[in-house]
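Just so we're aligned: the sequence shown equals residues 1 to 361 in UniProt numbering. As structure tokens, the structure follows; a few thoughts come after it.
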Amino acid sequence: MVEKGCKPDLVSYNAIIDSLCKDRFVTEALDLFLKIKSEGILPNVVTYSTLIRGLCMSSRWKEAFMLLNQMLRANITPNIITFCTLVDGLCKEGKVSKAHDVVKLMMQGGTEPDVITYNSLMDGYCLHNQVDQAREIFDLIVSKGCTPDVFTYSILIHCYCKRKMIDEAIRLLDEMPCKGLMPNDFTYSSLIRGLCKAKSPWAAHKFFKNLCASGHSPDTVTYSILIDGFCKHSCLDMALDLFHEMEKKLLKPTLIVYNTLIDGMFRAGKVKNAKELFSRLSIEGLHPDVCTYNTMVNGLSKEGLLDEALKVFRKMEGNGFLPNSWSYNVIIQGYLRIKDLSMATKLIDEMDGKGFSAGSW
Numbered sequence: 001m002v003e004k005g006c007k008p009d010l011v012s013y014n015a016i017i018d019s020l021c022k023d024r025f026v027t028e029a030l031d032l033f034l035k036i037k038s039e040g041i042l043p044n045v046v047t048y049s050t051l052i053r054g055l056c057m058s059s060r061w062k063e064a065f066m067l068l069n070q071m072l073r074a075n076i077t078p079n080i081i082t083f084c085t086l087v088d089g090l091c092k093e094g095k096v097s098k099a100h101d102v103v104k105l106m107m108q109g110g111t112e113p114d115v116i117t118y119n120s121l122m123d124g125y126c127l128h129n130q131v132d133q134a135r136e137i138f139d140l141i142v143s144k145g146c147t148p149d150v151f152t153y154s155i156l157i158h159c160y161c162k163r164k165m166i167d168e169a170i171r172l173l174d175e176m177p178c179k180g181l182m183p184n185d186f187t188y189s190s191l192i193r194g195l196c197k198a199k200s201p202w203a204a205h206k207f208f209k210n211l212c213a214s215g216h217s218p219d220t221v222t223y224s225i226l227i228d229g230f231c232k233h234s235c236l237d238m239a240l241d242l243f244h245e246m247e248k249k250l251l252k253p254t255l256i257v258y259n260t261l262i263d264g265m266f267r268a269g270k271v272k273n274a275k276e277l278f279s280r281l282s283i284e285g286l287h288p289d290v291c292t293y294n295t296m297v298n299g300l301s302k303e304g305l306l307d308e309a310l311k312v313f314r315k316m317e318g319n320g321f322l323p324n325s326w327s328y329n330v331i332i333q334g335y336l337r338i339k340d341l342s343m344a345t346k347l348i349d350e351m352d353g354k355g356f357s358a359g360s361w
């Protein structure tokens, strides 16, 4: 552009700065910002807001606030996007108190927070399980005449579910259609997770069916949560039905799903099924992790299949996963149960040699 004798204008520079910030080249974006100022081109609110967003994404808070102050000194009024960027970034980092200061600053400057700003504050409180403060923001939105959107409800429902306040979460869910809002995937996933944590997988499954009936397609995370909930309640038939349903929908079960099912099979005494699932991993292009190996070693040891457990234990090392103290303790306890003191002692010595502390048997 410059070679052809065309001088870039502010719009062009803003586009380049935006692209650099999105690609995390914030330092380069700041260098360009200084260059355009040196050329006598005055940055506008878009320039500053874009750079502030880039700095927030990189957790460069001091520089972000320096730019905000620079804006104000240059008599460039930050807009709602500028403030929302700062509030959201701070809340995601857990700096909710600082985010509140930004909201006060924007109100002092005559910019009224919108529902997106309030949602960010609620989300910040939710990250720290501060459900009362999140509820206060929700009520403030209503009292100020702002209309809570689906994200407002979903954030608070998620917050309630994290605290196992399921009744409150369901009340909010029931309120949504009355406000013309339809729950989204995140809303349902939060409830499903909360109900599973509250040991109510069947109630979670009811919401899962509502999710499907409303035209949403549950993702692998939602399936994983529900499969885990049923496995922990020894409802393996339901867990397997969901597993097969995933496959029919061409959703590839993750390693987490396999780990959950393998553990569930061992707990139910279905050793053959657990071993079949473990063998299937390589066919599906999945590689066992430390959790997979530990689950197998634990399950086989408790069933008295110490030769197989030891084989998996050694395979774990061969595949680059170092057994931890829990792995050693599990297999040692297995050998002690069958009174094979020689093998148990050998493993204890090996464990000590790797700097692990043995459990008390």
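The beta carbon of each residue, even a glycine, is placed where N, CA and C say it ideally should be.
**Request:** Take leucine 127 as the anchor and find which of Leu347, Arg163 and Lys197 has the nearest alpha-carbon.
**Result:** Here residue 127 is taken as the residue at index 127 of the sequence shown, counted from 1. Residue Arg163 is the option with its Cα nearest to leucine 127.
**Asked** Does DSSP classify threonine 47 as helix, strand or coil?
**Response** Here residue 47 refers to the residue found at position 47 of the sequence shown. Helix at threonine 47.
**Item:** Option nearest alanine 221 by Cα separation, candidates Ser327, Gly229 and Gly215
**Value:** Counting from 1 along the sequence shown, the entry for residue 221 is found at position 221. Position check: residue 221 holds valine in this sequence, whereas alanine was assumed. If we check each option's Cα against that of valine 221, Gly229 comes out closest.
**Sequence-distant residues of the same chain with beta carbon closer than 6 Å to methionine 343, five excluded per side** = Residue mapping note: residue 343 aligns to position 343 of the sequence shown, counting from 1. Here the set comprises Tyr335.
**Message:** To the nearest angstrom, how far is the alpha carbon of cysteine 204 from that of methionine 265?
**Reply:** Sequence index remark: in the sequence shown, residue 204 carries index 204 (1-based). Sequence index remark: in the sequence shown, residue 265 carries index 265 (1-based). For the sequence presented, residue 204 should be read as alanine rather than cysteine. Spanning the two alpha carbons is a distance of roughly 21 Å.
**Message:** Does proline 177 pass the burial test, meaning 16 or more other C-beta atoms within 10 Å, or should it be called exposed?
**Reply:** Numbered from its first residue, the sequence shown carries residue 177 at position 177. Its Cβ having fewer than 16 others within 10 Å, proline 177 is exposed.
**Message:** Please report the distance separating the alpha-carbon of arginine 314 from that of tryptophan 326.
**Reply:** Locating residue 314 in the sequence shown gives position 314, where the first residue counts as 1. Locating residue 326 in the sequence shown gives position 326, where the first residue counts as 1. Straight-line Cα distance between these residues: approximately 15 Å.
**Asked** Which whole-angstrom value is the C-beta distance of residue 367 and leucine 140, which I expect to be below 8 Å?
**Response** With the chain covering 1 to 361 only, the question about residue 367 has no answer from this structure.
**Asked** Which residue from Lys199, Lys270, Ile52 and Glu168 puts its Cα closest to that of phenylalanine 25?
**Response** Translated into the one-based positions of the sequence shown, residue 25 becomes position 25. If we check each option's Cα against that of phenylalanine 25, Ile52 comes out closest.
**Message:** Taking the beta carbon of serine 360 as the centre, do at least 16 other beta carbons fall within 10 Å, making it buried, or is it exposed?
**Reply:** Position 360 of the sequence shown, counted from the start, is the residue given in the question as residue 360. In this prediction, serine 360 has a pLDDT of 46, which is less than 50 and means its spatial position is unreliable; what the coordinates show is noted afterwards. So serine 360 counts as exposed.
**Request:** Using the Cα positions of lysine 179 and glycine 145, report the straight-line distance between them to the nearest angstrom.
**Result:** Counting from one through the sequence shown, the residue named residue 179 turns up at place 179. Counting from one through the sequence shown, the residue named residue 145 turns up at place 145. Roughly 14 Å between the two C-alpha positions.
**Request:** With a cut-off of 8 Å on the beta carbons, I'd call valine 87 and serine 120 a contact; round off their distance for me.
**Result:** In the sequence shown, residue 87 corresponds to position 87, counting from 1. In the sequence shown, residue 120 corresponds to position 120, counting from 1. Sure, about 5 Å apart at Cβ, within 8 Å.
**Asked** Do asparagine 79 and valine 103 have their C-beta atoms closer together than 8 Å?
**Response** Taking the first residue of the sequence shown as 1, we reach residue 79 at position 79. Taking the first residue of the sequence shown as 1, we reach residue 103 at position 103. In this structure, valine 103 does not lie closer than 8 Å to asparagine 79 by Cβ.
**Request:** Excluding the 5 residues preceding and the 5 following cysteine 235 in the sequence, name in chain order all residues of the same chain whose CB lies nearer than 7 Å to its CB.
**Result:** The sequence position of residue 235 within the sequence shown is 235, counting from 1. So the list reads Pro201, once near-sequence residues are dropped.
**Item:** isoleucine 41 (DSSP reduced to helix, strand or coil)
**Value:** Counted from its first residue, the sequence shown places residue 41 at position 41. Coil, per DSSP.
**Asked** In the UniProt repeat "PPR" (9-43), which residue ranges form an unbroken alpha helix (DSSP H) of at least 4 residues, counting only runs that do not cross its ends?
**Response** 10-22 and 26-38
**Message:** Within a Cβ cutoff of 6 Å, which residues of the same chain sit near serine 190, ignoring the five residues on either side of it in sequence?
**Reply:** Counting from one through the sequence shown, the residue named residue 190 turns up at place 190. Only Ile157, His158 and Cys161 meet the Cβ criterion.
**Prompt:** Got a sec? Which residues, its chain only, sit under 6 Å from valine 150 by beta carbon, not counting five neighbours each side?
**Reply:** For the purposes of this step, residue 150 is identified with residue 150 of the sequence shown, where counting begins at 1. Closer than 6 Å at the Cβ level, and outside the excluded window around valine 150, lie Leu181 and Asn184.
**Asked** Taking the alpha-carbon positions, what's the methionine 122 to glutamine 133 distance?
**Response** Here the question's residue 122 lines up with position 122 in the sequence shown. Here the question's residue 133 lines up with position 133 in the sequence shown. The straight-line gap from Cα to Cα measures roughly 8 Å.
**Cβ shell of isoleucine 41 (< 8 Å), same chain only, five flanking positions each side left out** = For the purposes of this step, residue 41 is identified with residue 41 of the sequence shown, where counting begins at 1. Excluding sequence neighbours, isoleucine 41 sits near Asp9, Leu10 and Tyr13.
**Request:** Can you have a look at valine 142 and say buried or exposed, based on whether 16 or more other CB atoms are within 10 angstroms of its CB?
**Result:** Translated into positions along the sequence shown, residue 142 becomes position 142. Under this definition valine 142 is an exposed residue.
**Asked** Ordered along the chain, which non-local residues of its own chain (more than five positions away) have a Cβ less than 7 Å from that of arginine 193?
**Response** By one-based count along the sequence shown, residue 193 stands at place 193. Taken in chain order, the residues that qualify are Cys161 and Ile225.
**Request:** Note down, in chain order, each residue of its chain lying with its Cβ closer than 6 Å to the Cβ of phenylalanine 207, except the 5 sequence neighbours on either side.
**Result:** Here residue 207 corresponds to residue number 207 of the sequence shown, with the count starting at 1. Once the five neighbours on either side are set aside, the close Cβ partners of phenylalanine 207 are Tyr188, Leu191 and Ile192.
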